Ligand SMILES: Nc1ncnc2c1ncn2[C@@H]1O[C@H](COP(=O)(O)OP(=O)(O)O)[C@@H](O)[C@H]1O
Ligand SMILES: [Mg+2]
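In the working numbering, the protein residues as written are 73 to 440.
Have a look at this one:
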């Protein structure tokens, strides 16, 4: 057995068997710890993240600045910068291939076991999992035309001629609503407006037809009108291609508009996970309730920071025993919330919360 064979498990099942499975996740994250080892000490950016990403859906990740949203996406792509590294946990990618006879083959690969610079990981980035950021200039190269960059992305992952790739690049720009797409192919990034650069970056990410698109606050820097257009566009493309989207934002209005399901993060953990409807109409975690109270009304597209929650996000270098939210929580029960981390409890089908208001069970930490 080669090392690669050991790392992957392949199961073959019929389409019926697959459909019969209760949940179909494309990505499963288990007890993920990503820590930064700095001169100031250890920053436990992710401290036991559990997250299921349903195939073909839009999963939102929401939480205040510094709670670990970006480190989660960088961990999935194996792009965590030094001095950070994945300390423990699993990131399981459930690949699915359909044979001409309808047989569906599933293969699971643990991304934490791959070397960040290995050929497999490079192939996964872009071809299977693509990412768009808040600032398009971090993914666009200022020295090459938009057409060249999208063409290169296509050539990397599709077996087509340069000429065909150029044509496809133009088609993709048209799809993302770029004005004068064929002319934009010849432009350099600095010649485009912020909204157009964002569209170009989305076109580049989508040109590889990834199974998963991670969007990390992609519209935060844009004006409200452009933001609305980009959100509509991503939803349309998602419905078209059946792609899975992980949509990261601190804006609950955007979550309401974009997502099917939501994970609420607090200090390196997922504290609540539910469908969008359940989360907005029946939030359980005191932190989620506080987040919802901090927006004027659901659906408003405010860019206001989530500032009205009592206290501030604690220093990530500090270790807090028990529930990480207890120092700010109105429902704090001394002697309970400050002991062990609350274990995940299912309060309804597909609705998980970590809070002692709903379950007495705590988790014995091994994170150090
Ligand atoms: N390069 C770094 N060096 C040290 N700590 C970092 C670094 N990048 C991120 N972190 C830590 O990870 C935590 C989570 O960061 P991040 O995922 O960027 O938050 P979010 O995207 O939710 O605003 C931060 O509070 C910070 O302490
Ligand atoms: Mg971030």
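Yeah, the Cβ is synthetic: ideal placement off N, Cα and C, and Gly gets one too. Treat the numbers as computed from the prediction; the structure is a model and nothing was measured.
I want to know whether the region 407 to 417 touches the region 105 to 118 - three or more CB-CB distances under 8 Å.
no
Measuring only from the beta carbon, is residue 291 closer than 7 Å to any heavy atom that is part of ligand 1?
Working through the chain shown from its first residue, we reach residue 291 at position 219. Checking the Cβ of residue 291 against ligand 1 gives no.
Alpha carbon to alpha carbon, how far is residue 321 from residue 271?
Within the chain shown, the letter at position 249 stands for residue 321. Within the chain shown, the letter at position 199 stands for residue 271. Their Cα atoms are separated by approximately 18 Å.
Whole angstroms are fine: how far does the CA of residue 341 sit from the CA of residue 421?
As a first step, residue 421 must be located in the chain shown, where it is residue number 349. As a first step, residue 341 must be located in the chain shown, where it is residue number 269. Approximately 20 Å between the Cα atoms of the pair.
Have a look at residue 111 and residue 387 and give me their C-alpha separation to the nearest angstrom.
Position 39 of the chain shown, counted from the start, is the residue given in the question as residue 111. Position 315 of the chain shown, counted from the start, is the residue given in the question as residue 387. Between residue 111 and residue 387, the C-alpha separation is close to 15 Å.
Please work out which residues of its chain come closer than 8 Å, Cβ to Cβ, to residue 348, disregarding the five sequence neighbours upstream and downstream, and give them in chain order.
Counting from one through the chain shown, the residue named residue 348 turns up at place 276. Cβ within range, chain order: 132, 327, 328, 331, 332, 333, 334.
Under a three-way DSSP split, which group does residue 429 fall into?
Counting from one through the chain shown, the residue named residue 429 turns up at place 357. Residue state, collapsed to three classes: coil.
Report the CB separation of residue 401 from residue 413 in whole angstroms; it is logged as a contact under 8 Å.
For the purposes of this step, residue 401 is identified with residue 329 of the chain shown, where counting begins at 1. For the purposes of this step, residue 413 is identified with residue 341 of the chain shown, where counting begins at 1. Not quite, the Cβ-Cβ distance comes to about 14 Å (not below 8 Å), so this is no contact.
To which residues of the same chain is residue 182 closer than 7 Å at the C-beta, ignoring the five residues directly before and after it?
By 1-based counting over the chain shown, the position of residue 182 is 110. Contacts found: 79, 162, 163, 164.
Which parts of the region 259 to 310 are runs of the alpha helix (DSSP H), unbroken and 4 residues or longer, counting only runs that do not cross its ends?
266 to 278
Per DSSP, residue 188 is paired with what?
For the purposes of this step, residue 188 is taken as the residue at position 116 of the chain shown. Answer is none; residue 188 lacks a bridge partner.
Could you tell me whether any non-hydrogen atom of ligand 2 is closer than 7 Å to the CB of residue 141?
As a first step, residue 141 must be located in the chain shown, where it is residue number 69. Answer for residue 141: yes, Cβ within range of ligand 2.
Output yes or no for whether 8 Å exceeds the beta carbon distance between residue 144 and residue 166.
As a first step, residue 144 must be located in the chain shown, where it is residue number 72. As a first step, residue 166 must be located in the chain shown, where it is residue number 94. For residue 144 and residue 166, no; Cβs fall outside 8 Å.
How big is the Cα-Cα spacing for residue 275 and residue 405?
In the chain shown, the residue the question calls residue 275 occupies position 203. In the chain shown, the residue the question calls residue 405 occupies position 333. About 50 Å.
Whole-number beta carbon distance between residue 427 and residue 358, since they are thought to touch under 8 Å:
Residue 358 sits at position 286 when you count from the first residue of the chain shown. Residue 427 sits at position 355 when you count from the first residue of the chain shown. Rounded, the Cβ-Cβ distance is 7 Å, consistent with contact.
Determine the contact status of residue 356 and residue 430, defining contact as a CB-CB distance below 8 Å.
Counted from its first residue, the chain shown places residue 356 at position 284. Counted from its first residue, the chain shown places residue 430 at position 358. Cβ atoms of residue 356 and residue 430: closer than 8 Å.
DSSP three-state call for residue 109: helix, strand or coil?
Locating residue 109 in the chain shown gives position 37, where the first residue counts as 1. The answer is strand: DSSP assigns residue 109 an E or B state.
Confirm the yes/no value for this check: CB of residue 108, any heavy atom of ligand 1, distance under 7 Å.
Walking along the chain shown from the start, residue 108 turns up at place 36. Result yes, Cβ under 7 Å from ligand 1.
Following the continuous alpha helix (DSSP H) through residue 316, name the residue where it begins and the one where it ends.
Here residue 316 refers to the residue found at position 244 of the chain shown. Segment 316 to 321 is the beta strand (DSSP E) holding residue 316; no alpha helix (DSSP H) there.
Sequence ranges, beta strand (DSSP E) only - wholly within the region 160 to 184, length at least 3
List check, beta strand (DSSP E) in window: 176 to 182.
In chain order, what residues of the same chain have a beta carbon less than 7 Å from the beta carbon of residue 187, not counting five sequence neighbours either side?
Within the chain shown, residue 187 is the residue found at index 115, counting from 1. Excluding residues within five positions, the ones whose Cβ falls inside 7 Å are 193.
What is the rounded straight-line gap between the Cα of residue 314 and the Cα of residue 284?
Along the chain shown, read from residue 1 onward, the residue named residue 314 stands at position 242. Along the chain shown, read from residue 1 onward, the residue named residue 284 stands at position 212. If I take the Cα positions, the gap works out to 10 Å.
Leaving aside the five residues before and after residue 212 along the sequence, list all residues of the same chain whose C-beta is less than 7 Å from its C-beta, in chain order.
On the chain shown, position 140 is the one that residue 212 refers to. Close CB contacts of residue 212 within its chain, under the 7 Å cut and outside five residues either way in sequence, are with 221, 261, 269, 272, 273 (chain order).
Under 7 Å: does the beta carbon of residue 288 sit that close to some heavy atom of ligand 2?
Within the chain shown, residue 288 is the residue found at index 216, counting from 1. True, at least one ligand heavy atom lies under 7 Å from that Cβ.
Is it buried or exposed for residue 350, if we count other Cβ within 10 angstroms and need 16 for buried?
Here residue 350 refers to the residue found at position 278 of the chain shown. So residue 350 ends up on the buried side.
Nearer than 7 Å: is that true of the beta carbon of residue 366 relative to any heavy atom of ligand 1?
As a position in the chain shown, residue 366 is number 294, starting the count at 1. Not so, every heavy atom of ligand 1 lies at least 7 Å from the Cβ.
Note the first and the last residue of the continuous alpha helix (DSSP H) segment covering residue 218.
On the chain shown, position 146 is the one that residue 218 refers to. Where residue 218 is concerned, the enclosing alpha helix (DSSP H) stretches over 218 to 229.
May I ask you to report which of helix, strand or coil DSSP gives residue 124?
To locate residue 124, count along the chain shown from 1; it is residue 52. DSSP places residue 124 in strand when its eight states are reduced to three.
From residue 257 to residue 241, what does the alpha carbon distance come to, in whole angstroms?
To locate residue 257, count along the chain shown from 1; it is residue 185. To locate residue 241, count along the chain shown from 1; it is residue 169. So the two alpha carbons sit approximately 8 Å from each other.
Throw me the rounded Cβ distance for the residue 32 and residue 125 pair, which I believe falls under 8 Å.
In the structure as shown, the chain begins at 73 and stops at 440. Residue 32 is therefore absent and cannot be evaluated.
Pick out the complete beta strand (DSSP E) segments inside the region 329 to 409, 3 residues or longer, and give them in chain order.
List check, beta strand (DSSP E) in window: 333 to 338, 341 to 347.
Simplified DSSP assignment, three categories, for residue 420:
Here residue 420 corresponds to residue number 348 of the chain shown, with the count starting at 1. Three-state DSSP puts residue 420 in a strand.
Starting from residue 445, trace the alpha helix (DSSP H) in both directions and tell me its first and last residue.
In the structure as shown, the chain starts at 73 and stops at 440, and residue 445 therefore has no counterpart that could be examined.
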